[in-house]
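Numbering (the UniProt record's numbering), first residue to last: 1 to 603. Using N, Cα and C, we set each Cβ at its ideal position, and we do this for glycine too. These figures come from a predicted structure and were not determined experimentally.
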Amino acid sequence: MQAPLRDRDPRRLGPYRLTARLGRGGMGTVYLGEDGGDRQVAVKVINPELADDEAFHERFRREVTAARQVRRFCTAAVLDARLDGDPLYVVTEYVNGPSVEEAVKREGPLRGGDLESFAVNIATALSAIHGAGIVHRDLKPSNVLLSPTGPRVIDFGIARALDASDGPTRTGQFVGTPAYIAPELMRGEEITPAADVFSWGCVVAFAGTGRAPFGGGSLPETINRVTAGDPDLDGLDPAVRDLVARSLAKDPADRPAVKQLIQALTGEDEPPATPPTVALPASEPTAEPAEVRAEPAPAEEEPEQTEKPAPKPAPAPAPAPAPATSVDSVPPTRTAGPPEPPADEPTHPVGMPAAARAAALAKRPSPHRNHGLLMVAVGAVVAVSTVIGVLNLPGGDRTPQDSGTTAAADLGDGPPDVEDEIFDDNFSDEGSGWKTATTPAADASYRDKKYELHVLPTTTRTTAAAPVEKIPDSQLIEVKVSPKDAAGEAGVYCHGDSGYAFLLSRDGRARIARLSSGQPTTVTTGTVPGLRDGDNRLQAACAKGEGGNIDLAMWVNGKPVASSAATPPSEGEPGPSGLLVVRPEDATGWPEAVFDDFSLCSL
1 MQAPLRDRDP RRLGPYRLTA RLGRGGMGTV YLGEDGGDRQ VAVKVINPEL
51 ADDEAFHERF RREVTAARQV RRFCTAAVLD ARLDGDPLYV VTEYVNGPSV
101 EEAVKREGPL RGGDLESFAV NIATALSAIH GAGIVHRDLK PSNVLLSPTG
151 PRVIDFGIAR ALDASDGPTR TGQFVGTPAY IAPELMRGEE ITPAADVFSW
201 GCVVAFAGTG RAPFGGGSLP ETINRVTAGD PDLDGLDPAV RDLVARSLAK
251 DPADRPAVKQ LIQALTGEDE PPATPPTVAL PASEPTAEPA EVRAEPAPAE
301 EEPEQTEKPA PKPAPAPAPA PAPATSVDSV PPTRTAGPPE PPADEPTHPV
351 GMPAAARAAA LAKRPSPHRN HGLLMVAVGA VVAVSTVIGV LNLPGGDRTP
401 QDSGTTAAAD LGDGPPDVED EIFDDNFSDE GSGWKTATTP AADASYRDKK
451 YELHVLPTTT RTTAAAPVEK IPDSQLIEVK VSPKDAAGEA GVYCHGDSGY
501 AFLLSRDGRA RIARLSSGQP TTVTTGTVPG LRDGDNRLQA ACAKGEGGNI
551 DLAMWVNGKP VASSAATPPS EGEPGPSGLL VVRPEDATGW PEAVFDDFSL
601 CSL
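Okay, here's the thing in structure tokens:
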């Protein structure tokens, strides 16, 4: 609940103007604030007695650093922090919605699909939190806020930092709320992610019944129920009751893991897959890619943040990711050996020599109203695999190359001349037609005048089709893309779910791949010279080629990366084109990417 600032409350902290009080907890006071762009944020100011404690200060620094690693879906992102000086504070996204505690008290328990969606969301958030090396330790109904796009978990990592202090903690001797914390915390035993699974069961039980499964009575009675009693699950939906009961086992070893919770709730048989290991040629350097910049994650205080009732599904809220970081030195790139093309999918016309012929293509400025002139460098020669065929895009000549196992393709000065601009979008209008987030978890959203996609635990990729009715047969797709996960790939696709994807990784790898119901099948690969730490301009051409084939080509930051001829996906009208993020086979985590300045032109 918002309250006016008091006389002694600060009015400004760094670049943030404080406008109201949101609440106070064991760690400090939370204020509603605005940044320089009038975006609302939550600013948590640490109590002075804690900030002066050396053990707390060091743990707080580590926990905030770790919190920045957590994926932002289902959480409130950490945007900024003062880790030295006076006062210490953390700035997070402001989640405009009531807590689960408030919503259930006001409107009653969740039922059916709503409860299952809620349970999946919280388990997904815990998996992301644990993936950053954090155990929440204080998950409870007041630490789950209901945003317009679904539940958001806040305050993870805070309890652990508070536990490091020799100063005051919360009520009693517990770092956490007794009715929702695992029995091993009360016994002073080792804390593992299983403690959060116990809390997950308590929170889901509360959401589905309106009461804590071990609550009621005095503090000693609550502690006794948590450590030795049976949970009260009367009235809980049978669809989740057994899973909740198992999560409330007294022995941490008897509880399901978070991934098992997700699998049980979604019905998937296998855990999410993880990123492939790229076998490098012996002659290639083995330098690791440049350090991945940590993306924001949460830390809000337990009190309410708004007086509004539980929101109806609506456009994604305004909070945005942390300000763009400076560009680091160019990450080293790795070149993988050329992949074998699928036996049943020819990648160049029958009878054509194995040698690739590349097109020397000239590019004119794109007619985007939101794009500047695209000045590109002189064409470079790029090593690509033998699957490269003839790139016969409009406006270009073709130059034969010598045959060989590895063909050199000169893609010229850049993408070909465009015939007409069909669609462009800088994502400043959240009603421009792209899909938006839905429960059980947010996989797509407009955010800070950009567009984000996330791969959820139950899928291997997320796509978003451009809101265009008629797709041209030959097209050039352009977008600024910033992959946010080292394990994932992001880019564009053409010709629908059975078409072709043009994918970029943070470590400088690029590939063109055939889409299907499973993992994309690699057609050809390349490396990106001078990959940037932030936005990279990706351009992809899908055009009618010789012999009924489709010619594919990819440029990054104006430099040629890969090209190939391949079989068209199907007869008839071209399928949709759009954006996608992929979790490669054998990869872990939930890749995400940020997109800006999309355009689709006919060739």
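Three-state secondary structure (DSSP) of residue i
i, result
"Thr75", "strand"
"Ala207", "helix"
"Pro400", "Low confidence applies here, because Pro400 scores a pLDDT of 31, under 50, leaving its location unreliable; read the following figure in that light. If DSSP states are grouped into helix, strand and coil, Pro400 belongs with the strands."
"Glu340", "Residue confidence for Glu340 is low, a pLDDT of 37 falling below 50, so the modelled location carries little weight; the figure read from the coordinates is stated next. In the structure shown, Glu340 sits in coil (DSSP, three-state: anything other than H, G, I, E or B)."
"His495", "coil"
"His368", "Note that His368 scores a pLDDT of 39, beneath 50, so its modelled location is shaky; the value from the coordinates is reported in the next line. Reduced to three states, the DSSP call for His368 is coil."
"Phe427", "coil"
"Asp234", "coil"
"Thr588", "coil"
"Asp242", "helix"
"Ser577", "coil"
"Pro151", "strand"
"Trp434", "coil"
"Ala464", "strand"
"Pro178", "helix"
Euclidean distance between Cα positions of residue i and residue j
i, j, result
"Lys435", "Arg72", "18 Å"
"Glu93", "Pro15", "15 Å"
"Val240", "Leu265", "8 Å"
"Cys542", "Cys494", "7 Å"
"Leu503", "Val78", "28 Å"
"Leu13", "Asn47", "15 Å"
"Val91", "Pro141", "21 Å"
"Asn143", "Asp155", "7 Å"
"Asp429", "Ser599", "15 Å"
"Tyr180", "Gly208", "15 Å"
"Thr459", "Lys259", "13 Å"
"Asp237", "Gly108", "14 Å"
"Asn224", "Pro231", "11 Å"
"Pro193", "Val135", "6 Å"
"Asp417", "Ser602", "9 Å"
"Glu478", "Gln539", "4 Å"
"Gly558", "Val523", "21 Å"
"Asp251", "Asp448", "44 Å"
Neighbour-count burial assignment, residue i, 16 or more Cβ in a 10 Å radius
i, result
"Gly85", "exposed"
"Pro467", "exposed"
"Arg461", "buried"
"Ala587", "buried"
"Ala119", "buried"
"Pro591", "buried"
"Glu63", "buried"
"Ser570", "exposed"
"Gly589", "buried"
"Asp138", "buried"
"Ser218", "exposed"
"Asp38", "exposed"
"Ala253", "exposed"
"Asp420", "exposed"
"Lys470", "exposed"
Same chain, Cβ closer than 7 Å to residue i, neighbours up to 5 away in sequence not counted
i, result
"Asp473", "Lys544, Pro574"
"Ser516", "Ser498"
"Gly201", "Val244, Ser247, Leu248"
"Gly229", "Phe214"
"Arg82", "Gly14, Leu88, Tyr89"
Same chain, Cβ closer than 8 Å to residue i, five either side skipped, listed in chain order
i, result
"Pro256", "Val197, Leu243, Arg246, Ser247, Ala264"
"Pro151", "Cys74, Val100, Phe118, Asn121, Ile122, Ala125, Val144, Leu145"
"Asn130", "Correcting the residue identity first, residue 130 is His in this sequence and not Asn. Closer than 8 Å at Cβ, skipping near neighbours: Pro193, Asp196, Val258."
"Glu21", "According to the sequence shown, residue 21 is Arg rather than Glu. The answer, listed in chain order, is Gln2, Ala3, Pro4, Leu5, Arg6, Asp9, Thr29, Val30, Tyr31, Leu32."
6 Å CB neighbourhood of residue i in its chain, flanking five on each side removed
i, result
"Pro576", "Ala465, Gly496"
"Leu261", "Ala123"
"Val594", "Lys450, Glu452, Ser482"
"Val70", "Ala128, Ile129, Ala132, Ala297"
- Message: Report the start-end ranges of each alpha helix (DSSP H) in the region 18 to 104 that is 4 residues or longer and not cut off at the edges.
- Response: 48 to 51, 54 to 67
- Query: Enumerated in chain order, which unbroken segments of the beta strand (DSSP E) with a length of 3 residues or greater are wholly contained in the region 106 to 132?
  - Reply: none
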